[in-house]
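Every position in the sequence shown, counted from 1, becomes a number in our numbering once 15 is added.
Where is the CB? At the ideal position from N, CA and C, for every residue including glycine.
Taking it in order: structure first as structure tokens, then the write-up.
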Amino acid sequence: MNLWQQNYDPAGNIWLSSLIASLPILFFFFALIKLKLKGYVAASWTVVIALAVALLFYKMPVDHALASVVYGFFYGLWPIAWIIIAAVFVYKISVKTGQF
């Protein structure tokens with residue numbers, strides 16, 4: 016991977032740069048509330064938009080951007096998996112003890 020230094024104000028205006036950086040999360044809320052998309056569909060489109068913002072607006076190298084997507088996927092997957100494992104464990108204990 017090559018070295019890349021992020022420019023925090025690529026538009027030359029902090030407010031415009033902040034607005035463009037917030038496009039993915041604004042789209043996520045719009046897709047859930049107005050478009051009534053399912054969560055995983057809205058999240059998938061949000062990842063695509065965030066990737067486009069990183070590549071086109073922030074001029075992030077493709078390998079860094081894709082590595083960030085993979086890292087974010089696994090970073091988010093671990094807490095979800097941990098909650099599911101804990102819930103199954105508690106369910107099995109409650110069934111075995113007759114509490115459920």
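Task: Distance, residue 88 Cα to residue 49 Cα - done: Here the question's residue 49 lines up with position 34 in the sequence shown. Here the question's residue 88 lines up with position 73 in the sequence shown. Cα-Cα distance, rounded: 25 angstroms.
TODO: Check residue 89 in the structure and name its three-state DSSP category.
DONE: By one-based count along the sequence shown, residue 89 stands at place 74. Reduced to three states, the DSSP call for residue 89 is helix.
Task: Cβ-based neighbour list, residue 39, same chain, cut-off 7 angstroms, excluding 5 preceding and 5 following - done: Locating residue 39 in the sequence shown gives position 24, where the first residue counts as 1. Closer than 7 angstroms at Cβ, skipping near neighbours: 61, 64, 65 and 68.
Open item on the list: On the CB-based measure, 16 or more other CB atoms within 10 Å of its CB, does residue 115 come out buried or exposed?
Closed with: The residue given as residue 115 occupies position 100 in the sequence shown. It is exposed - the Cβ of residue 115 has fewer than 16 other Cβ atoms within 10 Å.
Open item on the list: For residue 84, which residues in the same chain have their Cβ closer than 7 angstroms to its Cβ, ignoring the five residues on either side in sequence?
Closed with: By 1-based counting over the sequence shown, the position of residue 84 is 69. These residues qualify, in order along the chain: 62 and 66.
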